[in-house]
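Visitor: Before I ask anything, let me first share the structure, which is written out below as structure tokens.
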Amino acid sequence: MPSTEIILTENVPGLGAEADVVKVRRGYARNYLLPRGKAHEVTPATLRQLDSLKQKRAEREARELNEAEELARRIGKARIVFTLETGETGKAFGSVTAQDIVNRLKNELGVEIDRHKIVLERPIKDTGEHEVPIKLHHDVTAQFAFRVKSAEAPHERGGEPPAATAGEPEKKQRRFFKKRKETK
């Protein structure tokens, strides 16, 4: 298959970053990369522009690294508590998933993080302190520490269970299914 060399002007997943000189098939370059402005053909004029593209790439990568480090500091300082419904035995009825963490970070810190960047092997179903790594950049990983507590009913916290008021008689509960009479 015929191939051609091109200079990428932006990041193309699976191919390379901006200012990279790569070999691709002619049809891919002619039909996709060149019309969309993602690449330029390699010519003497574009080779002279390569230095400015490399400088632009270095500035962008430095900016992204600084933003990721700042976000990692903010995430490290955040103290968030998740509440899970639990049964009498302490078993949780729900779990804390990566999407729950993303939604909570968006509400608390105002940052939008892709849920795939959160390294969570399995959803968290137990109470206590937890620490989850979040890959913000290929060089920066933030440690997100949070607490999961159990949501208790009001009477379990030491209050009295809800009772009928003194003036009202107790309502008789209707059974949905009739009770079978045993015959001998």
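If you're matching positions, the sequence shown starts at 66 in our numbering and goes up one per residue. In this text, a Cβ means the ideal position worked out from N, Cα and C, and glycines have one as well.
Assign T108 to one of two classes, buried (16 or more other C-beta atoms within 10 Å of its C-beta) or exposed (fewer than that).
Guide: For the purposes of this step, residue 108 is identified with residue 43 of the sequence shown, where counting begins at 1. Exposed, because fewer than 16 other Cβ atoms sit within 10 Å of the Cβ of T108.
Visitor: By Cβ distance below 8 Å, which residues in the same chain neighbour G152 in space, the five residues on each side in sequence not counted?
Guide: One-based indexing of the sequence shown puts residue 152 at position 87. Taken in chain order, the residues that qualify are F158.
Visitor: Buried or exposed: which applies to V167, given that a residue is buried once 16 or more other Cβ atoms fall within 10 Å of its Cβ?
Guide: Within the sequence shown, numbered from 1, the residue matching residue 167 stands at position 102. The residue in question, V167, is buried, as its Cβ has 16 or more Cβ neighbours within 10 Å.
Visitor: Looking only at its own chain, which residues have a Cβ that is under 7 Å from the Cβ of Q208, when we skip the five neighbours before and after it?
Guide: Translated into the one-based positions of the sequence shown, residue 208 becomes position 143. Answer for Q208: G141, E196, P198, listed in chain order.
Visitor: Quick one: residues in its chain with C-beta nearer than 8 Å to the C-beta of L99, no 5 flanking neighbours on either side, listed in chain order?
Guide: Sequence index remark: in the sequence shown, residue 99 carries index 34 (1-based). Once the five neighbours on either side are set aside, the close Cβ partners of L99 are I71, H105, E106.
Visitor: DSSP three-state label for V167, please.
Guide: Here the question's residue 167 lines up with position 102 in the sequence shown. Taken through DSSP and simplified to helix, strand or coil, V167 comes out as helix.
Visitor: How many Å lie between H220 and D165 at the Cα?
Guide: Residue mapping note: residue 220 aligns to position 155 of the sequence shown, counting from 1. Residue mapping note: residue 165 aligns to position 100 of the sequence shown, counting from 1. Interpretation of H220 is limited by its pLDDT of 45, a score under 50 that renders its predicted location unreliable; no figure is taken from the coordinates.
Visitor: Would you grab the beta carbon distance between K200 and K182 for me? Rounded to a whole angstrom, and I think it's under 8 Å.
Guide: For this step, residue 200 is matched to residue 135 along the sequence shown. For this step, residue 182 is matched to residue 117 along the sequence shown. The Cβ separation is near 5 Å, so the contact holds.
Visitor: Taking L254 as part of the beta strand (DSSP E), name the residues at either end of that continuous run.
Guide: Look at the range of the chain in this structure, 66 to 249, and you will see that residue 254 is not part of it.
Visitor: So, at 7 Å on beta carbons, what are the nonlocal neighbours of A94 in its own chain, with the 5 sequence-adjacent residues on each side left out?
Guide: For the purposes of this step, residue 94 is identified with residue 29 of the sequence shown, where counting begins at 1. T69, I71, A104, listed in sequence order.
Visitor: When you compare each of N96, K190, L174, V87 to R139 by their alpha carbons, which one comes out closest?
Guide: For the purposes of this step, residue 139 is taken as the residue at position 74 of the sequence shown. Residue L174 is the option with its Cα nearest to R139.
Visitor: Is DSSP giving I178 helix, strand or coil here?
Guide: Taking the first residue of the sequence shown as position 1, residue 178 is located at position 113. Of the three classes helix, strand and coil, the one that applies to I178 here is coil, per DSSP.
Visitor: Here's the rule: buried if 16 or more other CB atoms are within 10 angstroms of the residue's CB, otherwise exposed. What is L112?
Guide: Locating residue 112 in the sequence shown gives position 47, where the first residue counts as 1. It is exposed - the Cβ of L112 has fewer than 16 other Cβ atoms within 10 Å.
Visitor: Quick check on A110: does DSSP put it in helix, strand or coil?
Guide: As a position in the sequence shown, residue 110 is number 45, starting the count at 1. The three-state secondary structure of A110, taken from DSSP, is helix.
Visitor: Select from L115, I189, V205 the residue whose C-alpha is nearest the C-alpha of L149.
Guide: Counted from its first residue, the sequence shown places residue 149 at position 84. Its Cα nearest to that of L149, the residue I189 stands out among L115, I189, V205.
Visitor: Among G102, A84, E75, whose alpha-carbon lies nearest the alpha-carbon of K119?
Guide: Position 54 of the sequence shown, counted from the first residue, corresponds to residue 119. That would be A84, whose Cα lies nearest to the Cα of K119.
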